[in-house]
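In the UniProt record's numbering, the protein residues as written are 1 to 121.
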């Protein structure tokens, strides 16, 4: 059985973020590997010494106004309702990664205004 690489790529393009995350988890479990690159661990010490230019906004808790937080996540990320709800339900979870400090602070403000607990890393 030969792999149809083009079909696999087309299927991946049509998948949601949640589906792709499930796929990665299944591959890691099936083959006993991790998706994290070993180079990233080695470079982490050197990167910590330099000034951080890219930040990750992580939702730590949805708080009591979960619907407002889902709306804020949808607005910030462009995710669909189902994906945004899954992200909020799965907190703590990264909302956006590799963003500028200004964008991270702006997103943090919007999410906290909606009632969420947010951490910028």
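All C-beta atoms in this analysis are idealised placements derived from N, C-alpha and C, irrespective of residue type, glycine included.
Item	Value
Identify, in the order they occur along the chain, each residue of the same chain with its Cβ nearer than 6 Å to the Cβ of residue 61, setting aside the five sequence neighbours on each side.	91, 117
For my contact list, residue 57 and residue 86 are in at a C-beta cut-off of 8 Å; report their separation, rounded to the angstrom.	Incorrect: roughly 17 Å between the Cβ atoms, too far for contact.
Tell whether a beta-carbon distance below 9 Å holds between residue 25 and residue 55.	no
With 16 other CB atoms within 10 Å as the buried threshold, where does residue 20 fall?	exposed
Can you give me the Cβ contacts of residue 69 inside the same chain, cut-off strictly under 7 Å, excluding the 5 residues immediately before and after it?	62, 63, 88, 111, 114, 115, 116
Taking residue 96 as the reference, give the member of 66, 5, 17 with the closest Cα.	17
Thinking C-alpha only, which one of 102, 107, 30 is nearest residue 52?	102
Mark residue 123 as exposed unless 16 or more other C-beta atoms lie within 10 angstroms of its C-beta, in which case mark it buried.	Residue 123 is absent from the model: the chain starts at 1 and stops at 121.
Which whole-angstrom value describes the C-beta separation of residue 28 and residue 35, a residue pair presumed to lie in contact below a C-beta threshold of 8 Å?	6 Å
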